[in-house]
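For the sequence shown, the positions run 0 to 140 when numbering that gives the first Met the number 0 is used.
In what follows, a single structure is set out as structure tokens and then discussed.
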Amino acid sequence: MRNISIFIFAAILATACGNSEQTYKQPDLINTKELTDIQWIDSTLELGKITEGQVVEVVFRFKNTGTKPLVIRGVHPGCGCTVANPPAEPIAPGATGEIKGSFNSQGRAGMNHKSISVDANTNGTQTHEVSFNVEVIPQSK
Numbered sequence: 000m001r002n003i004s005i006f007i008f009a010a011i012l013a014t015a016c017g018n019s020e021q022t023y024k025q026p027d028l029i030n031t032k033e034l035t036d037i038q039w040i041d042s043t044l045e046l047g048k049i050t051e052g053q054v055v056e057v058v059f060r061f062k063n064t065g066t067k068p069l070v071i072r073g074v075h076p077g078c079g080c081t082v083a084n085p086p087a088e089p090i091a092p093g094a095t096g097e098i099k100g101s102f103n104s105q106g107r108a109g110m111n112h113k114s115i116s117v118d119a120n121t122n123g124t125q126t127h128e129v130s131f132n133v134e135v136i137p138q139s140k
């Protein structure tokens with residue numbers, strides 16, 4: 000009886016270990032020959048005061064100051080109230096580009112500091128952070 004219990008336990012353990020999912024995603028390899036440089040024209044925006052419920056557009060401008068095309072590989076807002084979109088095409092050397100986004104102020108009364116992480120093929124670091132500050136005034140009821 001003891002041997003059967005050990006066998007069943009071992010079978011369950013083996014099955015459970017075989018079903019584990021890998022949660023770590025290895026980052027894409029960067030081709031260092033394709034790295035370029037970025038200069039942020041607008042990396043921090045001050046949006047002032049808005050009324051709760053408003054959706055405010057944000058635009059972060061940058062310039063490719065390197066010699067290779069600048070590719071924005073991804074943008075990652077810090078919370079669900081903010082959305083952002085990278086440029087659809089690479090930015091040529093010497094050209095400027097924009098990351099456009101919006102902030103939904105519903106339920107966000109008070110001071111808000113929101114950030115967006117930007118992944119790009121840039122020298123030094125490939126992850127940049129842009130941000131904005133806005134004061135949301137509660138709607139009068």
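Positions of the beta carbon are idealized from the N, C-alpha and C atoms, including for glycine.
{"Item": "Measuring alpha carbon to alpha carbon, tell me which residue in A91, I90, F59 is nearest P76.", "Value": "F59"}
{"Item": "Below 8 Å on the Cβ atoms is my contact criterion, and I expect G96 with P86 to pass it. Report the Cβ-Cβ distance as a whole number of Å.", "Value": "5 Å"}
{"Item": "Under the three-state reduction of DSSP, which class applies to K67: helix, strand or coil?", "Value": "coil"}
{"Item": "For T64, which residues from the same chain have a beta carbon less than 6 Å from its beta carbon, with the 5 sequence-adjacent residues on both sides left out?", "Value": "D36, Q38"}
{"Item": "By DSSP, does E124 sit in helix, in strand, or in coil?", "Value": "At residue 124 the sequence reads Thr, which differs from the Glu that was named. Correct three-state label for T124: coil."}
{"Item": "Which same chain residues, not among the five before or five after Q25, have their C-beta less than 7 Å away from its C-beta?", "Value": "Low local confidence applies: a pLDDT of 39 at Q25 is under 50, so the model's placement there is unreliable, with the coordinate-based value given in what follows. Closer than 7 Å at the Cβ level, and outside the excluded window around Q25, lies no residue."}
{"Item": "If we ignore side chains and look at the alpha-carbon of each, how far apart do L44 and V117 end up?", "Value": "15 Å"}
{"Item": "Within the continuous beta strand (DSSP E) that includes S114, where are the two ends?", "Value": "109–119"}
{"Item": "On the criterion of 16 or more Cβ atoms from any shown chain inside 10 Å, does V54 qualify as buried, or is it exposed?", "Value": "exposed"}
{"Item": "Taking C-alpha atoms, which residue in N84, C80, P68 lies nearest to V74?", "Value": "N84"}
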